[in-house]
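These notes are about the structure you will find just below.
Number of protein chains: 2
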Amino acid sequence: MSNNKNPHKDKAITTRDEDYSQWYLDVIRAADMAENSPVRGAMIIKPYGFSIWERIQRILDDKIKETGHQNAYFPLLIPKSFLSREADHVEGFAKECAVVTHHRLKASPEGGVIVDPDAKLEEEYVIRPTSETIIHDSFSRWISSYRDLPMLINQWANVMRWEMRTRIFLRTSEFLWQEGHTAHATQDEAAEETAKMLEVYRVFAEEVMAMPVIAGEKSPSERFAGANKTFTIEAMMQDGKALQSGTSHELGQGFSKAFNITFLDQESKEQYAWLTSWGVSTRLMGALIMSHSDDRGLIVPPALAPTQVVIIPIIKEGKDNSEVFTHVDLIKSECAQNGIRVHIDDRDHFTFGEKSYEWEKKGVPVRIEIGPRDLENHSVTLVSRTADDKQQVSIDSIADSISQALVDIQATLYNNAQERLTSRTFVLENYNEFKEKIEAGGFFSLSWCGEAKCEDQIKDETKATIRCIPFEQNTPATNCILCDQPAKQRAIFARAY
Amino acid sequence: MSNNKNPHKDKAITTRDEDYSQWYLDVIRAADMAENSPVRGAMIIKPYGFSIWERIQRILDDKIKETGHQNAYFPLLIPKSFLSREADHVEGFAKECAVVTHHRLKASPEGGVIVDPDAKLEEEYVIRPTSETIIHDSFSRWISSYRDLPMLINQWANVMRWEMRTRIFLRTSEFLWQEGHTAHATQDEAAEETAKMLEVYRVFAEEVMAMPVIAGEKSPSERFAGANKTFTIEAMMQDGKALQSGTSHELGQGFSKAFNITFLDQESKEQYAWLTSWGVSTRLMGALIMSHSDDRGLIVPPALAPTQVVIIPIIKEGKDNSEVFTHVDLIKSECAQNGIRVHIDDRDHFTFGEKSYEWEKKGVPVRIEIGPRDLENHSVTLVSRTADDKQQVSIDSIADSISQALVDIQATLYNNAQERLTSRTFVLENYNEFKEKIEAGGFFSLSWCGEAKCEDQIKDETKATIRCIPFEQNTPATNCILCDQPAKQRAIFARAY
Chain G
1 MSNNKNPHKD KAITTRDEDY SQWYLDVIRA ADMAENSPVR GAMIIKPYGF SIWERIQRIL
61 DDKIKETGHQ NAYFPLLIPK SFLSREADHV EGFAKECAVV THHRLKASPE GGVIVDPDAK
121 LEEEYVIRPT SETIIHDSFS RWISSYRDLP MLINQWANVM RWEMRTRIFL RTSEFLWQEG
181 HTAHATQDEA AEETAKMLEV YRVFAEEVMA MPVIAGEKSP SERFAGANKT FTIEAMMQDG
241 KALQSGTSHE LGQGFSKAFN ITFLDQESKE QYAWLTSWGV STRLMGALIM SHSDDRGLIV
301 PPALAPTQVV IIPIIKEGKD NSEVFTHVDL IKSECAQNGI RVHIDDRDHF TFGEKSYEWE
361 KKGVPVRIEI GPRDLENHSV TLVSRTADDK QQVSIDSIAD SISQALVDIQ ATLYNNAQER
421 LTSRTFVLEN YNEFKEKIEA GGFFSLSWCG EAKCEDQIKD ETKATIRCIP FEQNTPATNC
481 ILCDQPAKQR AIFARAY
Chain B
1001 MSNNKNPHKD KAITTRDEDY SQWYLDVIRA ADMAENSPVR GAMIIKPYGF SIWERIQRIL
1061 DDKIKETGHQ NAYFPLLIPK SFLSREADHV EGFAKECAVV THHRLKASPE GGVIVDPDAK
1121 LEEEYVIRPT SETIIHDSFS RWISSYRDLP MLINQWANVM RWEMRTRIFL RTSEFLWQEG
1181 HTAHATQDEA AEETAKMLEV YRVFAEEVMA MPVIAGEKSP SERFAGANKT FTIEAMMQDG
1241 KALQSGTSHE LGQGFSKAFN ITFLDQESKE QYAWLTSWGV STRLMGALIM SHSDDRGLIV
1301 PPALAPTQVV IIPIIKEGKD NSEVFTHVDL IKSECAQNGI RVHIDDRDHF TFGEKSYEWE
1361 KKGVPVRIEI GPRDLENHSV TLVSRTADDK QQVSIDSIAD SISQALVDIQ ATLYNNAQER
1421 LTSRTFVLEN YNEFKEKIEA GGFFSLSWCG EAKCEDQIKD ETKATIRCIP FEQNTPATNC
1481 ILCDQPAKQR AIFARAY
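Taken in sequence, the protein lines are chains G and B. Take 1 as the starting number for the first sequence in my numbering and just add one per residue. Take 1001 as the starting number for the second sequence in my numbering and just add one per residue.
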């Protein structure tokens, strides 16, 4: 038996100035959100991290259903041959597929188990890196008439991409996501769907996650493998790097032709369906951390937080604490009546200090401390995660005070992030200036001729990629920042996660 | 391009008398719940089937959280060596593991893709058949003190067991489930947890699914691989066969010792933790179908049904239908106010007959038909899925009429299932009588000496297994039905899915 198994449990959080990458990992550890697993590149999402993901799921799932989609579930495994049917798609994913080749283990003469060579599969399967192929195969059977359209399907699932350099939440071999897959009678309808779902993501990012984003179209080289057009929302992290936070794809008819998804239109003419797909993943958890947290730990925006308010009773051992608990219950029910998500931390064996510290690291927006001294003044102590001071607030108006604090915190987080995005987005006309400034991070609005050659050279020389061609072209394009040919549009260049 | 891709879409449902197995598959097809996939033994859960599974998830998830558990997420893949650590566990699962051996595909010179031999993994992974090993590995890091206990974790996940004979929902290579995994300081606490979660399952089965069950303990030979004790709820299907509907396991300290899950107790003495696990799966969908459905299709108990009431407006083409739609909206909002889950089927391109038939096959408990003729009498037509007649009910008391119909249907389904369970459970003392009667199905309460030898011989001779040793021993045990030695208990023997 071994002892003291968690020596680093209470290790301090590295500051952002000191080491931003280490700070990110420290926040995840300190908030008890997730950890690396014994499986290469795969993470374990711990209960607190998962409760935040469940909030993301619930809110987005409601939106996905409101917009007419239905959830379904398709197989984890995809026959190898399916992947090859759409040429760009297989090109994009073949290199990172986990492959199932056998269906049985057997006892090894040397102890333990070995793969049973007699249980080799005739055709190998890959673990889904994304589900277009297996879902489109179903669509080909489900769709036969215009009456079956639009077909609006969503799936919450685990997927796997064998990444070489992994980073918890941001790039893991296995991750969780939702993937929408739809089929339409016309190209216009498919385009409308793609735009609608990107807008759902934008609103979610900005209103729930307090994370302003730039919405726009990806350049051809950054498109999803098999898509005609890819749209994205891009957020700026605290270090000035971009994080792609949600994508929506017009797939055109490429997959329809590969999988024979046809329908008889109202004139009984056979047509290929127009497809879309769109998704967000547990990457959003990384975006959350790097949008709002500080050197003391995570900060969760109130609209997202599983726990918006934690109440910590201050107990005196050996004394009568009943008045404290009466008021704790009172405040709890006041909160519940006002739709505030509240948790009472009445654990034994933990000191008041340990509890306060834990909830601070976990980024719960509001902490209420209540003890005999507070009650003498018929008040409690309210601590906002984004403010430095402690406030005494009256018990009589406690729900109002908490609600106001939550509104303030949500606004503060959004405004800080918006301020960062604005102040660190640069409209430049000079390539050398760009090469110099990119070293400090930020988004760069640059005129681009549209040629992959220029995009590639910029990437090689600066490590910056085109995050998107924003829908809102605030400044007119001039000549390409690199080749000086006339440019039709500005693109946002940045280094990215 | 191919046409008429769904020739069997509207094929009639085989009657139960004709062919019970085919009837089961026909109901699934007719209700559009699920279908087989191109992946061996794996199913596709279609939107309607998935909406029922989502209801199961939501209701159980609330219960699991109310009882103090938190959700988390662990890797899909399990290092092969983990499986071997607990001897019984690997013995139970090695033969049905999908094995990941490579992490890359590459283009084949003959077209398509092949497994890249250079991307062979050093250690293979299996796709989780269940997650004890990977979760217990985490527990060994997460638990160090009595303050960390009890640790109460649940996971909703897909799992894979390479079954040779598969049957949609009942036995599929991939299925969805929840798996609870907990650690406790004492054996008593672990036993209490195991009993508590079995009770959660029992109440869910009986009160939500309207499915009476027998709760009890499994015989040693039917235990979960690695458990000290396994408890189960067993339901009787319409053909008299048993379906194991949920299990809860006392794992003792076997896994704790294999994975070194220790904690310092209050006296700073190191102890091994006591573990449990418990789960229900998409098998419950099979139990649902075979508990209640009839020759016209599925019947979903109102407490479970995603849609409790469907309203079908009767539209006259070319006429003014506004009065019908006004009343449809009125009834919808009346339903919503009373917490009734309602859906309006206002699809164009589908006839009234097609719609009625579809909802009947999908087993929606109540159908409301409303047309100009109904409105003349200020009434609507209410069709209950379990009654043969159509009722005219007044619009003024519509919510009450619907609520009453839902209560009646839930009771009817439970009572029918209870009546079946009672009338087809036989307390027998004579082995030859049992051998004769088992051919017609049913549960058999037989005295059993407790020896695996007798259990095995009975299984060989009758295909009946011990479903459980019921907690409620209504009839005292006599002598073992086979060996005639004194028996301490009666066990329920039955053929099972």
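A virtual CB, placed ideally from N, CA and C, is assigned to each residue, including glycine.
Looking at chain B, is there any beta carbon in it that lies within less than 8 angstroms of the beta carbon of residue i?
| i | result |
| --- | --- |
| G:I469 | no |
| G:I402 | no |
| G:W177 | no |
| G:I101 | One detail in the question is off: residue 101 of chain G reads as Thr in this sequence, not Ile. With 8 angstroms as the cut-off, G:T101 counts as an interface residue toward chain B. |
| G:W162 | yes |
| G:S277 | no |
| G:E193 | no |
| G:L288 | no |
| G:H8 | Note that G:H8 scores a pLDDT of 46, beneath 50, so its modelled location is shaky; the value from the coordinates is reported in the next line. Chain B, which has no Cβ nearer than 8 angstroms to the Cβ of G:H8, makes this no. |
| G:R341 | no |
| G:D137 | yes |
Please classify residue i: does DSSP put it in a helix, a strand, or coil?
| i | result |
| --- | --- |
| G:M1 | In this prediction, G:M1 has a pLDDT of 40, which is less than 50 and means its spatial position is unreliable; nothing more can be read from the coordinates. |
| B:K1065 | helix |
| B:H1008 | Unreliable positioning characterises B:H1008 in this predicted model, as indicated by a pLDDT of 46, which lies under 50. The coordinate reading is nonetheless provided below. Coil, per DSSP. |
| B:M1290 | helix |
| G:S140 | helix |
| G:Q457 | helix |
| B:Y1272 | strand |
| B:P1313 | strand |
| B:F1204 | helix |
| B:F1444 | strand |
| G:S277 | strand |
| G:G180 | strand |
| G:V364 | coil |
| B:N1432 | helix |
| G:T172 | coil |
| B:H1378 | coil |
| G:Y73 | strand |
| B:M1285 | helix |
| B:A1417 | helix |
Under 8 angstroms, do residue i and residue j count as touching if we go by C-beta distance?
| i | j | result |
| --- | --- | --- |
| B:S1379 | B:N1338 | no |
| G:I331 | G:E369 | no |
| G:T230 | G:K241 | no |
| G:T130 | G:L83 | no |
| B:E1250 | B:A1191 | yes |
| B:A1210 | B:A1417 | yes |
| G:Y48 | G:K362 | yes |
Kindly list, in the order they appear in chain D, the residues whose Cβ is closer than 7 angstroms to that of residue i.
| i | result |
| --- | --- |
| B:F1050 | You won't find chain D in this structure, because its protein chains are G and B. |
Would you say residue i reaches chain G, if we count a Cβ-Cβ gap shorter than 8 angstroms as a contact?
| i | result |
| --- | --- |
| B:S1081 | yes |
| B:L1375 | no |
| B:C1480 | no |
| B:G1112 | yes |
| B:C1294 | Residue identity check: residue 1294 of chain B is Asp in the sequence provided, not Cys. So, not an interface residue. |
| B:V1126 | yes |
Three-pair Cβ contact test at 8 angstroms for the stretch 1175 to 1184 of chain B versus the stretch 1296 to 1305 of chain B: no
Residues from the stretch 1089 to 1100 of chain B in contact with chain G, defined by Cβ distance under 8 angstroms: V1090, A1094, K1095, E1096, C1097, A1098, V1099, V1100
Interface positions of the stretch 1347 to 1365 of chain B facing chain G (Cβ-Cβ less than 8 angstroms), listed along the chain: Hits within the stretch, in order: H1349, F1350.
Members of the stretch 12 to 37 of chain G that neighbour chain B once the beta carbon cut-off is set at 7 angstroms: S37
Chain-ordered residues of the stretch 1481 to 1497 of chain B with a beta carbon less than 7 angstroms from chain G: none
Segment contact, 8 angstroms Cβ cut-off, at least three pairs: the stretch 1247 to 1266 of chain B with the stretch 1317 to 1327 of chain B: Touching, no, given that fewer than three Cβ pairs across the two stretches are closer than 8 angstroms.
The stretch 1276 to 1288 of chain B touching the stretch 1165 to 1178 of chain B, judged by at least three CB pairs closer than 8 angstroms: yes
Residues from the stretch 380 to 403 of chain G in contact with chain B, defined by Cβ distance under 8 angstroms: none
At least three beta-carbon pairs within less than 8 angstroms, the stretch 77 to 97 of chain G to the stretch 165 to 172 of chain G: no
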